[in-house]
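Participant: Be aware that the sequence shown starts at 1, since it is given in full-length UniProt numbering, and climbs by one per residue.
Cβ atoms here follow ideal geometry from the backbone N, Cα and C, with glycine treated the same way.
These numbers were taken from a predicted model, which means no experiment stands behind them.
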Amino acid sequence: MSTAEATLATTMPGEHVRIAVNNHTEPFWQAAKQRRLVAPQCADCGVFRMPPTPFCPGCQSKAVNWVELSGEATLYSFAVVHGIPELPELTLVPVVVDLPDAPGARLVSNVVDIAPADVTIGMMLRVDFSPIADGWMLPIFRPAVSSIERKNNDQ
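1) In angstroms with no decimal places, state the Cα-to-Cα distance between A79 and N65.
2) Counting C-beta neighbours from all protein chains within 10 Å, is the total for L138 16 or more, i.e. buried, or is it exposed?
3) What first and last residue would you give for the alpha helix (DSSP H) that runs through W29?
4) Look up E15 in the DSSP assignment and say whether it is helix, strand or coil.
5) Could you please give the first and the last residue of the uninterrupted beta strand (DSSP E) stretch that includes S130?
6) I'd like to confirm the pairing. Which residues does DSSP put opposite S109 in its beta bridges?
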């Protein structure tokens, strides 16, 4: 096994991650501070939109409800990044995830605590939160524990 395969994916160190918050994104980030994953849903036609936008892409309504999600996700796409300037030892796996509780919504994030060689499209993930700059929390994803693994851990 090569060194790259033995290295688990991680996130950027929190002090290097800054977010932009505005009226349309603040509910998302406030929920993340509470370790909750939410998505905006049009209050008129029911379309989910991610990232949050000022109006619904389906009907152009500005009415929105913030729906709390289960935190489950399916990996839609990913890349593997081995090192970045100033942090050459870092291994990142940026991902795009489908959110089954919010049909049509996708979220860009990172998957962590998995060897990059073990990441596969379609794998089930579970949200977690990582502290970042200015007291915010960043939603990240970990491989979901299967029911068989859960059962074995309970014994």
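Facilitator: If we stick to the structure as given:
1) 32 Å
2) buried
3) Residues 26–33.
4) Residue state for E15 is assigned as helix, using DSSP reduced to three classes.
5) For S130, the enclosing beta strand (DSSP E) begins and ends at 124–131.
6) V95
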